[in-house]
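Okay, structure first, notes after.
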Amino acid sequence: MIQVDARPGAYRFEPATTALVVIDMQRDFLDPGGFGAALGNDVAPLRAIVPVVADLLALARHQSLTVIHTRESHAPDLSDCPPAKHQQGKPGLRIGDPGPMGRILIRGEPGNQIVPELAPLDGEWVIDKPGKGMFYATGLDRRLRDAGIETLLFAGVTTEVCVQTSMREACDRGFRGLLIEDATESYFPDFKRATLEMVVAQGGIVGQVAGLAALRAAFR
Ligand code: TIU
């Protein structure tokens, strides 16, 4: 049993039933010319966490945790993109529009690939998700249960959108969640701060929060 110095209290998990979930560290959100930039955001803060996520991935691989990568993505014919999502926000480029890295948020396009520094290894799970949350239309719930996974360590972007949605949904489905705070980022620093506080408040109502150093120390 591993015990991490976490907020709001110590967090315990069994590595054999734990997966690291890296949410949407894809070029669409991290590189200029992608969906995140088209929404009017500065992508630099998201880029800045890549080395931390790489260290977290290295730790998870060394400890033989199940490793899961997600990508927010849609079919080329947009059959899995409801009109309401397509029309959401006021992006310079909409989902499916041609951009400098190919069509925005479309499966198989250069922009839809995970950044090379965090590329999935053979045997790691890569989940293409049409929603913000990682369960909608992905089959991931069944797959996690079949693999005996009980605990999910969360990293990736953005903290208050796809990461928090996935973590809340995981809680509803009976999985335990620990958010690695320096391995997640938002385009809005206040939103990241608020999300971490929301998770920690009320005794950790949908999960808990810890830093990578604390997680690493727990494995020693
Ligand atoms: N816009 C924003 O903050 N996020 C997304 O659209 N998707 C994810 O969080 N991955």
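With the numbering used here, you'll find the sequence shown wraps up at 231, consecutive numbering, no jumps.
Glycine included, every Cβ here is placed at the ideal spot set by N, Cα and C.
Quick caveat, the model's predicted, so the values are computed rather than measured.
Apart from the five residues just before and just after residue i, which ones in its own chain have a Cβ nearer than 6 angstroms to its Cβ?
i: D11; result: One cannot answer for residue 11 here, as it falls past the ends of the chain, which runs 12 to 231.
i: V137; result: H80, P131
i: G110; result: G44, L104
Starting from the C-beta of residue i, find all residues in its chain whose C-beta is less than 8 angstroms away, skip the five residues before and the five after it, and write them out in chain order.
i: T162; result: F24, E25, T28, T29, A30, F186, R187, G188, L189
i: L41; result: G47, V54, L57, R58, V61, V126, V168
i: M12; result: R23, F24, E25
i: M178; result: L163, F165, G188, L190, V210, V217, G218
For residue i, which residues from the same chain have a beta carbon less than 7 angstroms from its beta carbon, with the 5 sequence-adjacent residues on both sides left out?
i: L223; result: V63, D66, L67, I191, D193, A194
i: P43; result: V54
i: R227; result: L70
i: G214; result: P19
Once DSSP output is grouped into helix, strand and coil, what is the label at residue i?
i: K8; result: With the chain covering only 12 through 231, there is no way to say anything about residue 8.
i: E120; result: coil
i: R18; result: strand
i: Q99; result: coil
i: L164; result: strand
i: D35; result: coil
i: G188; result: strand
i: V137; result: strand
i: T28; result: helix
i: P87; result: coil
i: A71; result: helix
Using 8 angstroms for Cβ pairs, my map puts residue i next to residue j. What's the rounded Cβ distance?
i: L116; j: S84; result: 6 angstroms
i: G122; j: D39; result: 5 angstroms
i: G144; j: E196; result: Not quite, the Cβ-Cβ distance comes to about 18 angstroms (not below 8 angstroms), so this is no contact.
i: Q175; j: T206; result: 5 angstroms
i: D35; j: R82; result: 6 angstroms
On the DSSP letters alone, give me the boundaries of the alpha helix (DSSP H) that residue i sits inside.
i: F40; result: 38-41
i: P56; result: 55-58
i: G51; result: No alpha helix (DSSP H) holds G51; DSSP gives it neither H nor E.
Where do the ends of the beta strand (DSSP E) carrying residue i lie?
i: E83; result: 77-83
i: L226; result: L226 -> not in any beta strand (DSSP E); alpha helix (DSSP H) instead, spanning 223-229.
Identify the residues that DSSP records as bridge partners of residue i: which are they?
i: Q219; result: L189
i: G113; result: G110, P111
i: E196; result: V168
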